[in-house]
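S.K.: Residue numbers (the working numbering): 67 to 159.
Cβ atoms here follow ideal geometry from the backbone N, Cα and C, with glycine treated the same way.
Handing you this structure, nothing more for now.
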């Protein structure tokens, strides 16, 4: 029988986001910190807490608004592809 392994990790975003790209990047980074080679996994999960809408958030002077706008446009495009062709046609990796 394989050894039992139970580990958790938490993280926080520096500013509010509704971008699936940010969620996937954060989750991938957290999983890479708790992953152990040689362990057979049945289930694995990442919980993101403290989520809030970014509407009404006051950004600081160093915020890269161009990057935020590009990310928002990319997410809108992804949503449009999902609507037109289905959610399994294009994903985030």
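Along the alpha helix (DSSP H) that carries residue 131, what are the first and last residues, could you check?
M.R.: From DSSP, the alpha helix (DSSP H) with residue 131 extends over 131 to 151.
S.K.: Under the three-state reduction of DSSP, which class applies to residue 91: helix, strand or coil?
M.R.: Helix.
S.K.: Determine the contact status of residue 73 and residue 100, defining contact as a CB-CB distance below 9 Å.
M.R.: In contact: residue 73 and residue 100 (Cβ atoms closer than 9 Å).
S.K.: Using C-beta distances below 6 Å, list every residue in its chain close to residue 93, excluding the 5 sequence neighbours before and after it, in chain order.
M.R.: Result list for residue 93: 112, in chain order.
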